[in-house]
Amino acid sequence: MKYASVYVTNGGYGGTMLSITQQLPMLAAGLHEGKNEICARIGYFKIGIDLKTETPAPHAIYQGVREILKNKEYKENVTRLAEKINSYDSNKLCADYIEELID
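So the sequence shown is numbered by the working numbering: it starts at 15 and just counts up by one.
So, in structure tokens, the structure goes:
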């Protein structure tokens, strides 16, 4: 991933989170199994582009990648989100929450 500039995804949770943590803007195309919800958020928060289809045409992929590379807003937004996510100690947060439930 260190050589990539854009992550092309079907909008699955794992790939999307990997892309965010690696600070890679996304080109997303997925509709089934809830992927449309993830793709919609990718577009809404401008961390990438939602192609709003399950089967994008090659030209749509080409145009989407070019737009992401040209418009630095996508990279800036995904970098900001990654920094926010990485600022949390998720293991400690989970352990603290479980401890609260037990006590």
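Glycine residues also receive a C-beta, built at the ideal position from the N, C-alpha and C atoms.
| Query | Result |
| --- | --- |
| Per DSSP, the bridge partner or partners of M40 | Y21 and G62 |
| Nearest-angstrom Cα separation, counted from L95 out to Y102 | 12 Å |
| 6 Å Cβ shell around E68 - same chain, five flanking residues per side excluded | L45 |
| D110 (DSSP reduced to helix, strand or coil) | helix |
| N85 - DSSP class collapsed to helix/strand/coil | coil |
| Alpha-carbon to alpha-carbon, A71 and N105 | 41 Å |
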